[in-house]
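Residue numbers (numbering that gives the first Met the number 0): 0 to 170. Ideal Cβ placement from N, Cα and C applies to all residues, glycine included. Predicted model only: the values in this text are computed from it and were never measured. Here is the structure we will look at, set down as structure tokens.
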Amino acid sequence: MKKALENLLVVTPFSKRFGIAVFRHGELLYFAVNSYRQPRTLDSIQADAMMKLKNLFDKFTPGLIILKSLTRHQAASNNHRHVVMTIKSIAKMYSVPVEEISFKDARCKLLTGQVPTYNRTFATLRDTFPELTRFTLFQNRSQREYYMPLLSAVAIGLARVGTEPRPREIS
0 MKKALENLLV VTPFSKRFGI AVFRHGELLY FAVNSYRQPR TLDSIQADAM
50 MKLKNLFDKF TPGLIILKSL TRHQAASNNH RHVVMTIKSI AKMYSVPVEE
100 ISFKDARCKL LTGQVPTYNR TFATLRDTFP ELTRFTLFQN RSQREYYMPL
150 LSAVAIGLAR VGTEPRPREI S
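Shown next as structure tokens:
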């Protein structure tokens, strides 16, 4: 199968789950939150990440992976580092380049000229992708914690595809 260079896979690892977003030419094709099975051992986390990402590679054939860079706190976690290494090894196995971007940098890129708050970022996501509205209106802290990987994946992907020229339609 020919590699679709226009497909962009965004993965955002968090402690209990990771967010996924797939874009094609600025269009959001797929988004999900994948929770790790308990007990969260290095082996089970690696197996979960490996299985989900292989399925995504087979379905969407991404030409580029965007990975949320780990915060200083996350970089101290062995589980986080292990997930990142797993993602990079899968990308290497499929010969797909990997770029890293922080969620803060993505927020700044999306909200040029404004203070890049979470609420403004989520409002931008709601305006761009109305189907995400129900995920941005948090009822409580646990919902925010659950959907944050998904929303950060979409925000990072939107910041990245917003910097690329979109293909012209030929008439």
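- With a cut-off of 8 Å on Cβ pairs, the segment 78-97 is in contact with the segment 12-20, counting three or more such pairs.
- Nearest neighbour of Ile89 by Cα position, chosen from Val114, Phe137, Arg140, Phe56, turns out to be Phe56.
- Ala75: not part of any beta strand (DSSP E); DSSP gives it neither H nor E.
- Linking Val21 to Arg159 through their CA atoms gives a straight-line distance of about 12 Å.
- Membership of Pro148 in any beta strand (DSSP E) is not indicated; the residue belongs instead to the alpha helix (DSSP H) covering 140-160.
- Contact check for Arg106 and Thr120: beta-carbon distance about 5 Å, within the 8 Å limit, so the pair qualifies.
- Straight-line spacing of the CA atoms in Gly62 and Glu98 works out to 11 Å.
- Residue burial is scored here from C-beta neighbours: Ser151 has at least 16 other C-beta atoms within 10 angstroms and is therefore classed as buried.
- Within the DSSP secondary-structure output, Asn6 pairs in a beta bridge with Arg23.
- Taking each of Asp47, Phe30, His72 in turn and checking the Cα distance to Phe134, the smallest one comes out for Phe30.
- Annotation note: the segment 81-140 contains the following uninterrupted beta strand (DSSP E) runs of length 3 or greater, listed N- to C-terminal: 97-100.
- At a Cβ-Cβ threshold of 8 Å, Ile100 and Ile64 do not count as neighbours.
- When DSSP states are grouped into helix, strand and coil, Ser68 belongs to the coil group.
- Nearest to Met49 by C-alpha distance, out of Lys91, Leu27, Ser68, is Lys91.
- By the criterion of a C-beta distance shorter than 8 Å, Pro115 is surrounded in its chain by Lys103, Arg106, Cys107, Leu109, once the five residues flanking it on both sides are discounted.
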